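Protein chains: 2
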Amino acid sequence: MKRKGIIIVVSGFSGAGKGTVMKALTAKYKNYALSISATTRDPRPGEQNGREYFFVSNEEFEKLIKENGLIEHAGYVDHYYGTPRKFVEDKLNSGIDVILEIEIQGALQIKKQYKDAVLLFVMPPSAKELEERLRGRGTETDEVIRQRLSRAKEEAEGIENYDYIVINDKLEDCVERVNDIITAVHNTPDRNLEFINDMRRQLNEL
Amino acid sequence: MKRKGIIIVVSGFSGAGKGTVMKALTAKYKNYALSISATTRDPRPGEQNGREYFFVSNEEFEKLIKENGLIEHAGYVDHYYGTPRKFVEDKLNSGIDVILEIEIQGALQIKKQYKDAVLLFVMPPSAKELEERLRGRGTETDEVIRQRLSRAKEEAEGIENYDYIVINDKLEDCVERVNDIITAVHNTPDRNLEFINDMRRQLNEL
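Which chain is which? The protein sequence lines are A and B, in order.
Numbering of the first sequence is given in my numbering, commencing with residue 1 and proceeding in unit increments.
Numbering of the second sequence is given in my numbering, commencing with residue 1001 and proceeding in unit increments.
Structure follows, in structure tokens:
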């Protein structure tokens, strides 16, 4: 049975650790690929084209939009961010599950086009823990931390749009739970119609 | 977060090995209980009351039906079979997932009453393999084997009613896949509303 890849959209509060979880997941299991976004913002020190992002000009980005080359895109603070379609579809066709880290608007755009995409929301064990993780980074001002928590409040209103939630208590456990969820999702009848129909044909031929 | 148990209904072709898979699953993981059916048929040699079945009289069975003491029941070849409600609900309330091995009619009866029950269909890797397993038992006549295969044909028509299918290729892998699926199912937003609402409250209080 040829397994087709699935799009896994991962969202979650800033500080919930979704980036870390997805990096650990893709390092451990080879059947996942992390999608790389295109953006018009400048690379930050240490960022590399094709690794963190594809860094493109405004013109190139608008060309991608016009040619339907992005499966979702959004503008934040004067810059565009989007998910190149080709990378995603190449992976899906070769049986690789593609993980996209995007927020809720993008997640819903994806679900409209790819009915069998799975939406995952990563949560901290508690709000207190979230605040501590944000403060623990030591890189953000109080103002920024307050903005992130206030953004988390908004995002929490949309959780019911997601198919699964994952609580990031211990990194390893969380990675296993995400892998369990994706494994489960591959086992629904609608994702195995070919196998089911083969079985029916075989039973009729016995 | 107090975890509530979920009903897992398991069906599958005779010979697909669902009984073996469920026994191995409950032996390995302690958060599952196998439901024990009540029946009016006589015990077979080696069967024990309260282990394979609760063996009851016709009168007792009809009393159970009248008192709403069964969550599903059906008659086959002059005998009643049914699932006692009390055992199931006691387990669910103490956070244990309850596994019921029943066929499709019973499965659909359960799903009507327990909206969040999960229906699982166990399949052999191929029809050929199914036939070989049935013949390999060496206990069944050709006639019985043909009946089972013909029944499998009918059952195969209902697979789309199930939430998940599991292919029983290698016992250990299959057990893990079932466990993955049940783990995933515990992670849907509607089964974690208490946690989600707690998180919202906490975020508002920060």
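All C-beta atoms in this analysis are idealised placements derived from N, C-alpha and C, irrespective of residue type, glycine included.
Remember, predicted model here, so these are calculated numbers, not experimental data.
Check, Outcome
"Exposed unless 16 or more other CB atoms sit within 10 angstroms - verdict on A:HIS79", "exposed"
"Under the three-state DSSP convention, the category A:VAL118 falls into", "strand"
"Sequence-distant residues of its chain with Cβ nearer than 8 Å to A:VAL175 (five each side left out)", "VAL21, ALA24, LEU25 and LYS28"
"Inter-stretch contact (C-beta, 8 Å, three-pair minimum) for the segment 85 to 93 of chain A and the segment 124 to 140 of chain A", "no"
"Residue-level contact to chain B via CB, A:THR183, 8 Å cutoff", "yes"
"Spatial distance of B:LYS1153 from A:ILE196 (CA atoms)", "11 Å"
"Cβ contact (3+ pairs, closer than 8 Å) linking the segment 1006 to 1017 of chain B and the segment 1113 to 1133 of chain B", "yes"
"Proximal residues of chain A, C-beta to C-beta of B:VAL1166 below 7 Å", "ASN187"
"Extent of the continuous alpha helix (DSSP H) to which B:VAL1021 belongs", "1018 to 1028"
"Outcome for B:VAL1144 when other beta-carbon atoms lying within 10 angstroms are tallied against a minimum of 16", "exposed"
"Inter-residue spacing [alpha-carbon to alpha-carbon] between A:ALA53 and A:ILE99", "The residue you asked about is not Ala; residue 53 of chain A is Tyr in the sequence shown. If you take the alpha carbons of A:TYR53 and A:ILE99, they lie about 14 Å apart."
"Test item: CB-CB of B:VAL1056 and B:ALA1074 under 8 Å", "no"
"Boundaries (first-last residue) of the beta strand (DSSP E) holding B:SER1011", "1007 to 1012"
"Residue-chain proximity (A:TYR162, chain B), Cβ-Cβ < 8 Å", "yes"
"Neighbour flag for A:LYS23 against chain B, beta carbons, 8 Å", "no"
"Limits of the unbroken beta strand (DSSP E) element including B:GLY1082", "1079 to 1084"
"Chain-ordered chain A contacts of B:SER1126 [CB-CB under 7 Å]", "GLN202"
"A:SER14, buried or exposed, once every other Cβ within 10 Å from all chains shown has been counted against 16", "buried"
"Contact belief for B:ASP1097 with B:ILE1182 at Cβ below 8 Å, rounded distance in angstroms", "6 Å"
"Proximity winner among A:GLY82, A:VAL185 and A:GLU47, relative to A:LEU64 (alpha-carbon distances)", "A:GLY82"
"Where the alpha helix (DSSP H) through A:ASP173 begins and ends", "171 to 185"
"Three-state secondary structure assigned by DSSP to B:GLY1136", "helix"
"Contact set between the segment 130 to 149 of chain A and chain B, restricted to residues whose Cβ is under 7 Å from the partner", "GLU131 and LEU149"
"Own chain partners of A:GLY106 with C-beta closer than 7 Å, once the 5 adjacent residues on each side are dropped", "GLU72 and ALA74"
"Beta-carbon spacing of B:ARG1200, A:ALA156 below 8 Å", "yes"
"C-beta neighbour in chain B for A:ALA152, strict 8 Å", "yes"
"Chain B residues whose Cβ lies nearer than 7 Å to that of A:LEU206", "ALA1127, GLU1131 and LEU1149"
"Per-residue burial, A:VAL178 [other beta carbons within 10 Å of its own, 16 or more giving buried]", "buried"
"Sub-8 Å separation of A:GLY19 and A:GLU101 beta-carbons", "yes"
"Sequence-distant residues of its chain with Cβ nearer than 8 Å to A:GLY17 (five each side left out)", "VAL122, PRO124, ARG133, ASN168, LEU171 and CYS174"
"Counted within 10 angstroms of its Cβ, other Cβ atoms place B:ASN1187 as buried (16 or more) or exposed", "buried"
"Closer than 8 Å to chain A by CB, B:ARG1003", "no"
"Residue closest to A:GLY158, alpha-carbon to alpha-carbon, out of B:ARG1151, B:LEU1193 and B:THR1141", "B:LEU1193"
"Which listed residue (A:ASN68, A:ASP163 and A:LYS112) has its alpha carbon closest to that of A:LYS86", "A:ASN68"
"Where the beta strand (DSSP E) containing B:LEU1193 begins and where it ends", "Per DSSP, B:LEU1193 belongs to no beta strand (DSSP E); it is in the alpha helix (DSSP H), 1193 to 1205."
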